[in-house]
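Student:
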Amino acid sequence: MAAARGMRAPGRREEGAGMPGSARTMAVCTVGGLVVATAYTVAMGANGWLWFCWVVLALVTVGVFAARPV
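Each residue of the sequence shown is one higher than the last, beginning at 1 in the UniProt record's numbering.
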């Protein structure tokens, strides 16, 4: 009856609710990579390959979000 009213039972996850684990992991890795790349750039100077790899990681993360079911 709770499902009919749009409520979920305590302790149960609804399918499709929120961000799936793989998308969340990719987002965390992307933000962590941004922090590392920025810290490295501040401490050691700019590195084009480092930023190129971060851009690739960000694009893959966008792809994971775009490909997940709604």
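Just so it is clear, CB atoms sit at the ideal spot from N, CA and C, and this is done for glycine as well. If you're wondering where the values come from, they're calculated on a predicted model, not measured in any experiment.
Please say whether Leu57 and Gly33 have beta carbons closer to each other than 8 Å?
Tutor: The answer is yes: Cβ separation under 8 Å.
Student: Output yes or no for whether 8 Å exceeds the beta carbon distance between Ala23 and Val55.
Tutor: no
Student: For Thr61, collect the residues of the same chain with a Cβ closer than 7 Å to its Cβ; drop the 5 residues on either side in sequence, then sort them by chain order.
Tutor: The beta carbon of Thr61 sits closer than 7 Å to those of Met26, Ala27, Thr30, all from its chain and outside the five residues before and after it, given in chain order.
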